[in-house]
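Engineer: Let me begin by handing over the structure; questions about it come next.
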Amino acid sequence: MNRTISIAVDTGGTFTDITLVDRETGILCKAKVPSTPDDPSVGFITGVRTILAQAGLTPDSISHFFHGTTVATNTILEMNGAACALLTTAGFRHVLEIGRHDIPRDGNIHSWVKPERPVPANRIYEIEGRLDFEGKQIAPLSEDTVRRAVADIRRRGIPVIAVSYLHAYVSAVHEQRTREIIAEEYPRALVSLSSDVLPVFREFERSMATLLNGYVMPKVSRYVTSLEERIAGEGADGRLLIMKSNGGVTGAGSIRRLPIHTALSGPAAGAVGASLIGRLTGENRLISFDVGGTSADICLIDGNIPTVTTEGSVGNWPLALPMVDIHTIGAGGGSIARVENGSLLVGPGSAGALPGPACYGHGGTDPTVTDAHVVLGHLPPRLLNGTMTLDVDAAARAIERAVARPLGIGLHEAARGILDIANNAMIGAIRVVSVERGYDPAEFVLAPFGGAGPLHGGFLTRLLGMKAAMVPPEAGVLSSLGLLWSDLKSDFSQTCILKTNSLDLSLLDKAFQSLDTQARNWLETEGVPDSDRDILWFVSMRYAHQGFELLVPWPVKEVSDATLTAAIGNFHSAHHQLYTFSQPEMPVELVLARATAVGRFAKPALRTLKITGAASDAITGSQQVYSNGDWLSCPVYDRDRLGAGATFSGPAIIEQLDATTYVLPGQRASVDCYGILCVSEES
């Protein structure tokens, strides 16, 4: 049977979003169900059942399940992963504790305290044996030391062993032998090798990534196994693919071995979905803006490609793996407002899925950003196609008690203050990925999505002077749609520090050929046909004596004087973009080579809207909204009834199953042939 049905499931902190698509016809269904934090697989399978019933299909019709998960992310943020031991080269026991001599950008230099490491020093074992920077053996691996360490780890009942030896990125021979010894001495132990996880130089970052991979391995492995069992229990045999932090998907087996690659799984899917908006609208410079119940995720997309970085972090820890460059802040619809020492603060604490904002009527009493929208009239009285009624009085009581009364101001002033603070936090996050990277937000359009993103899009485009806000028709479930547009993807890197002004091209060619072979083997393992394969080359470069580098594309898959010159030119341009200057006269060093393997999936067919009647035909009612001290009459539009070419002015509320869009007074909205809502300032 030629199955063309794919289901994507994106698990968030408050809701689990599900999208079903027939890749041949483009027919699409979407649904939202509450997340189940205690066991996310329950929410996953509930969502699958819901959308299959909605579409009138059976589980055996599904070819693929695409999934964005927060299990690894939450495990790191909440610091509740597995107990780990670390084997490291003698003399390097305190690499993790030393770390880097800097503090977080939002830390106070006078009061910041170094966070506790994921593994204490008494679980770090020094192993005799060493390789040099070329991979040559200086001292043989002391197998007796390894066996004694593993025996002690087994006696202590530590379930995970991470191994990070000096210069293992050049030669994995000592790490691989250590894995064999562990299998002999402690077969039940889970093992994480730095040569598998992050085979690049810099001991702190490599050791941290290897340790975190082991730290999340038991939870992620159990979760993936549970998903596969639940899918099979439904009578489905579609392949399960998990979103990676780099914006591609991979099979469940790969994730069991390298679960740390899912550290930004969900947000990466949103950035992929936002890049689709750019391709459809012809706007190739976007800033994606995903706001859910707990957080806001922001990513700059230049040339329809989400920016990828190796300088990301999750929680307190650097993560030097390739990942979509996403900046996250604790500002979502469920962010709690409070007064401390006479000041109004919003977030990062969230009311979550349960009890949720006060207006949800599930027992929540703390005022949230969503409650502020309700009090100001930005949300209709019922959500989720009328199945969820908002309690306006409960929202007003919460804001009055916790904000308005303590500050001695009116209810609506307090609600507007909550939104102003949340909006300014979001503006700061947008500036981090734009202004601080050398980009002007005014040259970009905003792509707001998530359950709460379209409520804030109009405010942010006005405050930042952006071109427009482009709200997709699947705004509330765009991350799951991004999953459906993702390809298989994996990155292979090799450290090779070479001076470009005296570069032996044969050394670089050898490195690229080795990486290319690894990439082809991976694509073969994943069963990707030759016609659907791509392998892209990149290099990391820096000016001589710099302590950091920039990743730039290698022009074509060929190593020559011409391609080297072009790559150096790409580096100078990237350096000027980021730091406002470049120095072509300075010698350049090549630090790392990378091959990115891509296995392309057939993309879903696109459906277009018909041109229908006037926008006024989609009005379902009206309500009062509070704006600049006045109450204004605001029409409420049904998004599903707005046809291509419809235009209308704010204030306006556009409701749909998965999100609500608010158009401010003085703004204008129009609908294009793909159903994308463009919100901009009236001229």
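1486 is the number that this note's numbering gives to position 605 of the sequence shown; each next residue is one higher, with no gaps. The beta carbon of each residue, even a glycine, is placed where N, CA and C say it ideally should be. Since the structure is predicted, the reported quantities are computational estimates derived from the model, not experimental observations.
#1: What residues in its chain sit with their C-beta under 6 Å from that of G1331, if we drop five residues either side in the sequence?
#2: Out of E1192, T1175, S992, state which residue places its alpha-carbon closest to the alpha-carbon of E1086.
#3: Is it buried or exposed, M960, if we count other Cβ atoms within 10 angstroms and call 16 or more buried?
#4: Using CA atoms only, rank isn't needed, just tell me which of A912, K911, V1153 is closest to I1179.
#5: So does the stretch 1318-1325 actually touch the stretch 1109-1118, counting three or more Cβ pairs closer than 8 Å?
#6: Is the Cβ-Cβ distance between V1352 and I1182 less than 8 Å?
#7: Which residues in the same chain as P1040 place their Cβ atom closer than 7 Å to its Cβ, once the five residues preceding and following it in sequence are excluded?
#8: Kindly indicate which residue of T892, T1542, R1401, S1088 has the alpha-carbon position closest to the one of P1516.
#9: Excluding sequence positions up to five away, which residues of its chain have a Cβ less than 7 Å from the Cβ of T1026?
#10: My guess is that G855 and A1306 are in contact by the Cβ rule of under 8 Å, so how many angstroms apart are they, rounded?
#11: Kindly list the residues whose CB is nearer than 6 Å to the CB of A966, restricted to its own chain and excluding five residues on each side of it in sequence; keep chain order.
#12: Given I1168, which residues of its chain have a CB within under 8 Å of its CB, disregarding the five upstream and five downstream residues?
#13: Where do the N-terminal and C-terminal ends of the alpha helix (DSSP H) with Y1460 fall, by residue?
#14: Closest to V1469 by CA distance: which of V1433, T1477, R1263, L1490 is it?
#15: If you count every other CB in all the chains shown that lies within 10 Å of the CB of L909, and 16 or more means buried, which is it?
#16: Starting from the Cα of T1528, find the closest Cα among T1493, L1513, D1511 and give me that residue.
#17: Going along the chain, which residues of its own chain have a beta-carbon closer than 7 Å to the beta-carbon of F1014, five neighbours each way excluded?
#18: Are the CB atoms of A1277 and V1250 within a distance shorter than 8 Å?
#19: Who are the near neighbours of L1288 in its chain, counting only those whose CB is closer than 7 Å to its CB and skipping five residues on each side?
#20: For V1130, name the three-state secondary structure that DSSP assigns.
#21: Quick one: Cα of S1564 to Cα of F1419, how far?
#22: List the DSSP bridge partners of D1274.
#23: Under DSSP, the beta strand (DSSP E) around D1587 begins and ends at which residues?
#24: Skipping 5 residues on each side, what residues in its chain have a beta carbon closer than 6 Å to that of A1285?
#25: Would you identify the three-state DSSP class for Y1050, choosing helix, strand or coil?
#26: Go ahead and pull the three-state DSSP assignment for P1516.
#27: Quick one: what's got a C-beta closer than 8 Å to T1381's C-beta in the same chain, skipping five residues either side?
#28: Measuring CB atoms only, is the stretch 1075-1082 touching the stretch 1373-1393, in the sense that at least three cross pairs come out at less than 8 Å?
#29: If you draw a straight line from the C-alpha of G893 to the C-alpha of L1384, how long is it?
#30: Using 8 Å for Cβ pairs, my map puts S1561 next to P1532. What's the rounded Cβ distance?
#31: V1189 and P1199 - do their beta-carbons sit closer together than 8 Å?
#32: Measure the alpha-carbon distance for A1474 versus S1231 and round it to whole angstroms.
#33: Leaving out five residues on either side along the sequence, give the residues of the same chain with a beta carbon under 6 Å from the beta carbon of P1436.
#34: Taking the alpha helix (DSSP H) that W1403 belongs to, which residues open and close that run?
#35: Within 10 angstroms of its Cβ, does S1497 collect 16 or more other Cβ (buried), or is it exposed?
#36: Quick one: residues in its chain with C-beta nearer than 6 Å to the C-beta of L1545, no 5 flanking neighbours on either side, listed in chain order?
Structural biologist: Based on what the coordinates show:
#1: Looking up residue 1331 in the sequence shown gives position 450. Excluding sequence neighbours, G1331 sits near D1171, V1172, G1173.
#2: In the sequence shown, counting from the first residue as 1, residue 1086 sits at position 205. Selected option, being the one with the closest Cα: E1192.
#3: Start at 1 with the first residue of the sequence shown, and residue 960 comes out as number 79. It counts as exposed.
#4: By one-based count along the sequence shown, residue 1179 stands at place 298. Nearest option by C-alpha distance: V1153.
#5: No, they do not touch.
#6: The count along the sequence shown starts at 1 and reaches residue 1352 at position 471. The count along the sequence shown starts at 1 and reaches residue 1182 at position 301. For V1352 and I1182, no; Cβs fall outside 8 Å.
#7: For this step, residue 1040 is matched to residue 159 along the sequence shown. Result list for P1040: A963, A964, A1070, L1071, P1099, in chain order.
#8: Residue numbering aside, residue 1516 sits at position 635 when the sequence shown is read from its first letter. Nearest Cα to P1516 within the set T892, T1542, R1401, S1088: T1542.
#9: One-based indexing of the sequence shown puts residue 1026 at position 145. Exclusion of the five residues before and after T1026 leaves I1008, E1009 as the residues of its chain whose Cβ lies within less than 7 Å of its Cβ.
#10: The question about residue 855 has no answer, for the chain in this structure spans 882 to 1564.
#11: Taking the first residue of the sequence shown as position 1, residue 966 is located at position 85. For A966, same chain residues with a beta-carbon under 6 Å away, outside a window of 5 residues either side, are R1004, I1034, I1039, I1042 in chain order.
#12: Taking the first residue of the sequence shown as 1, we reach residue 1168 at position 287. Correct list, in chain order: I1179, C1180, L1181, I1182, I1311, V1314, S1315, P1322, F1325, V1326, L1327, A1328, M1347.
#13: For the purposes of this step, residue 1460 is identified with residue 579 of the sequence shown, where counting begins at 1. Segment 1442-1460, the alpha helix (DSSP H) holding Y1460.
#14: Start at 1 with the first residue of the sequence shown, and residue 1469 comes out as number 588. Among V1433, T1477, R1263, L1490, the Cα nearest to that of V1469 is on V1433.
#15: For this step, residue 909 is matched to residue 28 along the sequence shown. By the neighbour-count rule (16 or more Cβ atoms within 10 Å), L909 is buried.
#16: In the sequence shown, residue 1528 corresponds to position 647, counting from 1. T1528 has its Cα closest to that of T1493, out of T1493, L1513, D1511.
#17: Position 133 of the sequence shown, counted from the first residue, corresponds to residue 1014. When the five nearest sequence neighbours on each side are left out, the beta carbons in the same chain lying within less than 7 Å of the beta carbon of F1014 are those of H1048, V1051, in order along the chain.
#18: Stepping through the sequence shown from its first residue, residue 1250 is reached at position 369. Stepping through the sequence shown from its first residue, residue 1277 is reached at position 396. Contact flag unset, no.
#19: Counting from one through the sequence shown, the residue named residue 1288 turns up at place 407. Taken in chain order, the residues that qualify are V1220, L1225, A1295.
#20: Against the sequence shown, residue 1130 aligns to sequence position 249. Here DSSP, grouped into helix, strand and coil, assigns V1130 to strand.
#21: Locating residue 1564 in the sequence shown gives position 683, counting from the first residue. Locating residue 1419 in the sequence shown gives position 538, counting from the first residue. In a straight line, the C-alpha of S1564 is about 44 Å away from that of F1419.
#22: Along the sequence shown, one-based indexing puts residue 1274 at 393. Note: D1274 sits in no beta bridge, so no partner.
#23: Nothing about residue 1587 can be reported from this structure: the residues present for the chain run from 882 to 1564 only.
#24: Position 404 of the sequence shown, counted from the first residue, corresponds to residue 1285. For A1285, where only same-chain residues beyond five positions count, the Cβ hits under 6 Å are L1292, A1295.
#25: Numbered from its first residue, the sequence shown carries residue 1050 at position 169. If DSSP states are grouped into helix, strand and coil, Y1050 belongs with coil.
#26: Translated into the one-based positions of the sequence shown, residue 1516 becomes position 635. Correct three-state label for P1516: strand.
#27: The residue given as residue 1381 occupies position 500 in the sequence shown. Closer than 8 Å at Cβ, skipping near neighbours: M1422, L1445, I1449, P1468, V1469, E1470, L1471.
#28: Short answer: they touch.
#29: Within the sequence shown, the letter at position 12 stands for residue 893. Within the sequence shown, the letter at position 503 stands for residue 1384. Whole-angstrom Cα-Cα distance: 48 Å.
#30: Stepping through the sequence shown from its first residue, residue 1561 is reached at position 680. Stepping through the sequence shown from its first residue, residue 1532 is reached at position 651. Between S1561 and P1532 a beta carbon distance of about 15 Å is seen, past the 8 Å cut, so the two are scored as non-contacting.
#31: Translated into the one-based positions of the sequence shown, residue 1199 becomes position 318. Translated into the one-based positions of the sequence shown, residue 1189 becomes position 308. Cβ atoms of P1199 and V1189: not closer than 8 Å.
#32: To locate residue 1474, count along the sequence shown from 1; it is residue 593. To locate residue 1231, count along the sequence shown from 1; it is residue 350. Cα to Cα, the separation comes out at about 42 Å.
#33: By 1-based counting over the sequence shown, the position of residue 1436 is 555. Counting only Cβ-Cβ distances below 6 Å, and skipping sequence neighbours, we find T1444, A1447.
#34: Looking up residue 1403 in the sequence shown gives position 522. Under the DSSP assignment, W1403 falls in the alpha helix (DSSP H) whose first and last residues are 1386-1406.
#35: In the sequence shown, the residue the question calls residue 1497 occupies position 616. Per the 10 Å Cβ criterion, exposed.
#36: One-based indexing of the sequence shown puts residue 1545 at position 664. Within the same chain, L1545 has close Cβ partners G1339, G1531.
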